Each structure stands twice: as structure tokens, then as C-alpha cells.
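Structure first, commentary second.
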Amino acid sequence: MKKRAPVSRSGRFEHGPAADVAQFTESISFDWRLWRQDIRGSTAHARMLRKIGVLSPSELAAIEKGLREIAGEIEQGRFGWKMELEDVHMNIEAELTRRVPAGAKLHTGRSRNDQVALDLRLWLRDEGSGLLEEIRQLQTALIRLAERHPGVIIPGYTHLQRAQPVYLAHHWLAYVEMLQRDFERVTAALDRNNVCPLGNGALAGSTLPLDRDFVARELDFIDAKGRPRVTQNSMDGISDRDFAIEFCAAAALQAVHLSRLAEDLVLWAGSEFNFIRIDDAYTTGSSLMPQKKNPDIAELTRGKSARVIGNLTGLLVLLKGLPMTYNRDLQEDKERIFDTMDTVRATTRICAAMLDHTTVKAEVCARAAGDPSLLATDLADYLVRKGLPFRQAHHAVGALVGLAEKTNKTLHQLSLDELKTASPLFETDALTTFDLAAAMERRNLTGAPGSREVRKQLARWRKVLGA
Ligand code: ARG
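According to our numbering, the sequence shown is numbered sequentially starting from 1.
So this is what it looks like as C-alpha cells:
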């Protein structure tokens, strides 16, 4: 005889599930995290039940008091979660009912199906607003880093080959832009998330005169004009997880952005680039090689994007074959959502801290940015200004690059006579092209890495971020 879990499941069943079944189906080991939201949702539901006359004032008071006490015990780690009670919803409700007889009325017009949908939406809203704050802090850390080293110029790269000079600040600002789009995507996902599913029951609403708008207001599911927002189709309302997938998609893209930033930091902290120094506190050593200082935080930032991408894929696959409406498969959504939130929030925070503990090696950057071939395009532009079609200018400068290579010189060491072998349009002023400071003054289109434009962009972001 298999051991049975000692739970009594309503009149339909003669005995509880086998112990291994309880273990297989439980979600309390992870969904206990929804307790705050579950209690907030139950309180709002109870107040509505009072409003429509299902609960008396004293019953409501007893339920609210009971829920408050349970919340206090959970908070202090004194609450005894029971695996046999499957999930956070049943654990809290069963304990409430044990203490307060009116607790048995709390589930009126409610199913765990709309309850869990509600809890998840509340949880995403709570945690998501924390993430938004952290994205802001990371953007601010990038701006601070840019402003700590204002004049530093580095080679910008394409194909990981030196291409054209850019202010290092411009490079950091590129990530500020990416994070801004992440911020907007998370904000939009949280806005679509902000609709109340309670009142949808198991799948088909309720025959009782529940006041859905009242519950929505109680729980701040309101639009910009303060009107309640409730789901408009009960079947969709309980089985929809778009809100979670949308959030996980936005978070996965943010994780990819952080991963790219991390890759830059890994490269730049290495001896080959050597552009930056990450403070000891944000690196680790090797157990074998005494000289090693490894950028593990950046590497893990890059690595952790993998699980966040996996979580998104997992949720999409979880949903794709589900018939309407609730299916127990949906219980598998929580760990993916929790893990995405935890991972992206922690990564965003640690990246901000790491950037605050990163310094730039200005001389190394200056040496790299001093490579005159970075201004080969500027030399072609010089010829364009003299009237030469760009294709021909490109060809002429290409020939000069070849000549410099052959004669073992750098591009700016070529004489005027040598320049003239490529084009008669070169005059003495051609050599001023290689003045890097002047070159940076010339790049002032909107969005370009020129001195004036970068200052302008930094000022704009400082204002947006209130930094
Ligand atoms: N623990 C369940 C979940 O996470 C709650 C909903 C259970 N509903 C049900 N009909 N068994 O999805």
C-alpha cells in the first residue's frame, strides 16, 4: 500500500493523493514567494464579499485579522508551510480557516485559477517596478563612468578591427540607449500586465454578483484616468500568460544587452586591450595561477543571459500546445518567471556596482586612439571637400595606406609629395587631418561621437535620469 498524504480533498475524493503524487504536483516549494500578493488579493476579495453581502462586517474583520497574523508569521519565518496543501493559495486559506471559521467563505466565487493569475500579475508589478529602478541606476552608473573620464578617446571597432575614433563616453552612452529601450519595454509589459483577472473563477466567471471593478480598484488595477481595468473574457483571463512572456521577452533582451556590455568589459580588462581596470572587489583570483585577476562578474553577466533566454523559450513552449483553458502545465510558469526576475535584477544591480568600481586607463586608450589610420576616412573626406567623388577618394587613400605599409610608415608620416602620388588635390593642410582633437570637433551630427554632440547627449541623459 502506498502512503497517502493526509489531506482531505473535498467530498469527491475518498482519500488524499499518494505521497509521491503530492511531491510531484506540489508547488509550495517555490510559489510560497507569492504570499504577499496572495494575502493582498484575498483581502481585496474579502472586502468585496462584504460589500455584496456574502460576509458580515465581523466576518470580514476576523478574516482580515487572520490574514494579517498569517502575514506576520510568514514574514518572521514562523509559518509552517505544508507540502500536502500543494500551493501557497491552499496553505494560506487552510490555515486561515483553521483559525477563523469565516475563512471557509473566502473562496466564494473564486478559483485557484483566477487567484494564481492575480497573484502572478501582482508579483510582476511589485518586482518589475524594482527592476525599472535598477535599470535607472545602471544607466546612471554608465553616465557617472563617462563623466569620470570625459576626454578619453578610444578606437571604435567594427569586426573587432579598429575603425574610427570615438569618445569612450559615446561607447558607454550606447548602452544607456539600449537600457532606455529596455526600460520602455518593461514599462509597456507592466502596463499590459496591469489588468485584474479576479472574478473569472475557474474559467466561466461566477453566478454570484461579484463586484470585479471594486476588487480592481482595491488592488490598483486602474488606468491613467483612475478607471478599473478588468479582463474582458473569463477563459482568456485565467489561461493568459502573455503578461509573463512579454515581461520575460523584455528581460531576455535586456539580459542580452548586459551580456554585450559584459563582453566589452571582459575584453577591455584583459592585457590585450588593457583599457580599464576593474577594482579587486569586483574580480576574482585563480586558485592555481597567482598572477591572475579574472573578470568573473562580467563573465557571469554574459553567462546568465543564457538562462534568461532559456526561460523565455521555456514559457513559449509551455504555452504553445495548451488547449483552453487552465491546465496544470501552467504551474511550470512560476520558476521561469521568478528566475528571470531574480537573475535580471541581480545582474543589473551588480553591473552598476562594478561600473562604479571601474577606472579607465587613459594613457592606454590615448595610445590606441592615436593610431592615425583611424582617420583614413577623414582623409578621404578631405578629398571629397576638394571636389573628388567619394569612391575615388576612398581609392586614393587606400593606395596611401598601401604605400605607408610598404615604406614602413604610419599614414600621417607620409610626405606631401607622397600624398600627391595618390591625388593632386592634396595640399599642405591635408596633414592637419590627423589632429585627433580637431577630428573629434568635426563629428557633430546628431548621434555622432563628436565633442559637442557627446557633451550634449551627456547633458540630456543627466537631465532624464536626474543624475
Ligand atoms: N498551483 C497552481 C498553479 O500554479 C494553482 C492553480 C491550481 N489550479 C488547479 N485547478 N489545480 O497553477
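Note that CB positions come from ideal geometry on N, CA and C, so glycine has one too.
Note that the structure is a prediction, hence the values are computed from the model and not measured.
From residue i to residue j, what does the alpha carbon distance come to, in whole angstroms?
i	j	result
R345	H394	47 angstroms
E363	I153	10 angstroms
E14	L198	31 angstroms
V176	E134	13 angstroms
A117	D126	14 angstroms
G109	G205	8 angstroms
K2	A94	Low local confidence applies: a pLDDT of 45 at K2 is under 50, so the model's placement there is unreliable, with the coordinate-based value given in what follows. Roughly 25 angstroms separates the two Cα atoms.
A366	A306	35 angstroms
Q254	T283	23 angstroms
A104	T313	39 angstroms
N193	L203	19 angstroms
G466	D371	37 angstroms
R121	A298	31 angstroms
K293	E272	14 angstroms
K225	R217	12 angstroms
L179	I143	12 angstroms
G310	A244	14 angstroms
L383	A369	23 angstroms
A459	T359	21 angstroms
P295	Q137	21 angstroms
R33	D119	10 angstroms
S58	L67	14 angstroms
E453	G447	7 angstroms
Q291	L168	28 angstroms
T432	A438	8 angstroms
L208	R47	15 angstroms
N113	R349	34 angstroms
D223	R40	20 angstroms
E405	D356	41 angstroms
A402	L288	In the sequence under discussion, the amino acid at residue 402 is Gly, which differs from the Ala named in the question. Approximately 46 angstroms, taken between the alpha carbons.
N200	S234	5 angstroms
R277	M83	49 angstroms
A128	G321	First, the residue type needs correcting, since residue 128 is Gly and not Ala in the sequence shown. Spanning the two alpha carbons is a distance of roughly 28 angstroms.
F426	P155	25 angstroms
L374	R385	19 angstroms
R241	E184	20 angstroms
R229	F30	29 angstroms
A163	A281	33 angstroms
W172	A146	7 angstroms
Bridge partners of residue i, per DSSP?
i	result
V360	I276
N294	T284
V230	C196
V166	I154
I28	Per DSSP, none; premise fails for I28.
I39	DSSP lists no partner for I39.
Q161	T158
From the DSSP output, in three-state form, read off residue i for me.
i	result
K3	The predicted position of K3 is uncertain, since its pLDDT is 47 and thus under 50; no value can be drawn from it.
Y326	coil
T340	helix
R455	helix
A467	coil
I309	helix
I52	coil
R462	helix
Using 7 angstroms as the limit for Cβ to Cβ distance, is residue i near chain D?
i	result
Q164	Reference to chain D is not applicable here, since this structure consists of a single protein chain.
- Only counting runs of 3 or more residues, tell me where the beta strand (DSSP E) segments fall wholly within the stretch 63-146, in order along the chain. none
- How would the residue list near the ligand ARG read, in chain order, if you kept each one whose beta-carbon is closer than 5 angstroms to any heavy atom? That query returns the following residues: S27, D87, R112, V116, L330 and Q331.
- What are the start and end residues of each continuous alpha helix (DSSP H) run of 4 or more residues lying completely inside the stretch 342-406, in chain order? Within the stretch 342-406, complete alpha helix (DSSP H) segments of at least 4 residues are found at 362-369, 376-385 and 390-406, given in chain order.
- Enumerate, from N- to C-terminal direction, the unbroken alpha helix (DSSP H) stretches of 4 or more residues contained entirely within the stretch 409-454. 416-422 and 436-441
- Task: Output the residue ranges of the alpha helix (DSSP H) runs that lie fully inside the stretch 235-269 and measure 4 residues or longer, sorted by chain position.
- Result: 242-269
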